[in-house]
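Taking it in order: structure first as structure tokens, then the write-up.
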Amino acid sequence: FSDINVRKAFLHAFDRDLYKEDVLQNLSDVPTSPNIPGLPYAMEVPVYEFDLEKSAEYMKKAWDGQVWEKGFKMTINHNTGNDMREGAAIMLAENINSLNPKFKVEVANVEWKDYLVKYRNFQYPVFIIGWSADYPDPHNFLFTFMKSTGVYGRYMAYANPEVDQLCDEGIATNVPEERAKIYERLQNLWYEDAIGLCIYQQKLYRFYR
């Protein structure tokens with residue numbers, strides 16, 4: 019996944035519309051970046067549309083053609099009991115496997131206590147995780163997922179000096195106009211660098227008489 023072509027191939031293999039309808043039952047949203055709707059400066063970021071032909075094209079480019087020629091085997095893990103994460107994992111596995119018979123992607127569930135230990139020790143090529151706000155500010159989300167020292171960024175082994183600098187600048191100023199430019203750039207970098215896939219922003223419903 020250090021080759022951006024692999025990341026783009028996986029992103030093109032995720033059917034956002036089908037996932038929202040079939041797995042989320044249209045009750046939750048599929049955000050376009052970690053700066054989810056409801057947070058300051060949230061914007062609709064471009065997405066890698068579901069397109070298996072484009073996914074295959076990127077796989078053929080990855081690692082100078084070695085991925086397509088040699089194939090690979092991997093497991094997408096999710097924590098036991100989380101149906102929404104399991105649904106995303108199965109969708110990705112099935113779609114990637116359909117590209118090339120040499121691609122062998124499996125799905126496995128792992129108990130939460132073991133899941134935490136393993137992704138923090140870089141034992142998963144892909145991990146699916148969630149975040150609840152400490153405070154309602156884009157820094158709490160974009161820093162977490164994007165900065166090289168972020169809560170999850172560090173375990174993704176993703177590092178971009180521009181991202182790190184922007185994260186520092188965003189929390190260091192309280193001028194709304196400056197922050198808007200910073201977080202707009204960070205949200206666009208989420209797309210440009212094909213950093214990850216946002217699968218759901220959960221909504222909870224309570225009904226009263």
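Under this note's numbering, the sequence shown has 44 at position 26, and the numbering climbs by one with no breaks.
Every residue gets a Cβ at the ideal spot worked out from N, C-alpha and C, and that includes glycine.
Since the structure is predicted, the reported quantities are computational estimates derived from the model, not experimental observations.
Going by the DSSP bridge assignment, what does residue i pair with across the sheet?
| i | result |
| --- | --- |
| M92 | V123 |
| P143 | BP columns for P143 are empty, so no partner. |
| V63 | Partner(s): none; V63 has no beta bridge. |
| L57 | P55 |
| Q219 | D47 |
| V128 | N97 |
Please look up how many angstroms separate the CB atoms of residue i and residue j, rounded, as I've assumed it's under 8 Å.
| i | j | result |
| --- | --- | --- |
| Y59 | V48 | Wrong, their Cβ atoms sit about 19 Å apart, outside the cutoff. |
| H96 | E87 | Actually they are not in contact, since the Cβ atoms of H96 and E87 sit about 29 Å apart, beyond 8 Å. |
| A175 | F145 | Not confirmed; about 11 Å, so no contact. |
| A198 | I22 | The Cβ separation is near 27 Å, so there is no contact. |
| N206 | V63 | 6 Å |
| M61 | E202 | 6 Å |
| V41 | M102 | 6 Å |
Nearest by alpha-carbon distance to residue i: which of the options is it?
| i | options | result |
| --- | --- | --- |
| D152 | L57, E39, G214 | L57 |
| H30 | E62, Y76, D21 | Y76 |
| A111 | I54, S73, D186 | S73 |
| F121 | L45, R224, A27 | A27 |
| I217 | I114, P52, E202, E124 | P52 |
| I108 | N100, E124, A80, P119 | E124 |
| E67 | L215, T167, A126 | L215 |
| A177 | S166, E210, E196, N127 | S166 |
| V181 | V85, A80, Y209 | Y209 |
| T98 | M164, V85, E129, L134 | E129 |
Looking at the structure shown, is residue i part of a helix, part of a strand, or coil, going by DSSP?
| i | result |
| --- | --- |
| D182 | helix |
| N97 | strand |
| Q43 | coil |
| V48 | coil |
| V169 | coil |
| V193 | coil |
| G214 | coil |
| L110 | helix |
| N23 | helix |
| F159 | helix |
| G188 | helix |
| R33 | Reading the sequence as shown, one finds Asp at residue 33 and not Arg. Of the three classes helix, strand and coil, the one that applies to D33 here is coil, per DSSP. |
| D82 | helix |
| R224 | coil |
| W149 | coil |
Which residues in the same chain as residue i place their Cβ atom closer than 6 Å to its Cβ, once the five residues preceding and following it in sequence are excluded?
| i | result |
| --- | --- |
| H157 | G188, I189 |
Can you list, in chain order, the residues of its chain with a C-beta nearer than 7 Å to that of residue i? Leave out the 5 residues immediately preceding and following it.
| i | result |
| --- | --- |
| P143 | F19, M92 |
| F163 | P52, Y170, G171, G214 |
Would you verify that the beta carbon of residue i is, or is not, closer than 9 Å to some beta carbon of chain D?
| i | result |
| --- | --- |
| G89 | The structure shown has no chain D; it contains just one protein chain. |
Sorted by chain position, which residues of the same chain lie with C-beta nearer than 8 Å to residue i's C-beta, five sequence neighbours on each side aside?
| i | result |
| --- | --- |
| L70 | H30, A31, N113, S116, L117 |
| Y223 | L45 |
| F159 | P52, N53, I54, L57, W149, A151 |
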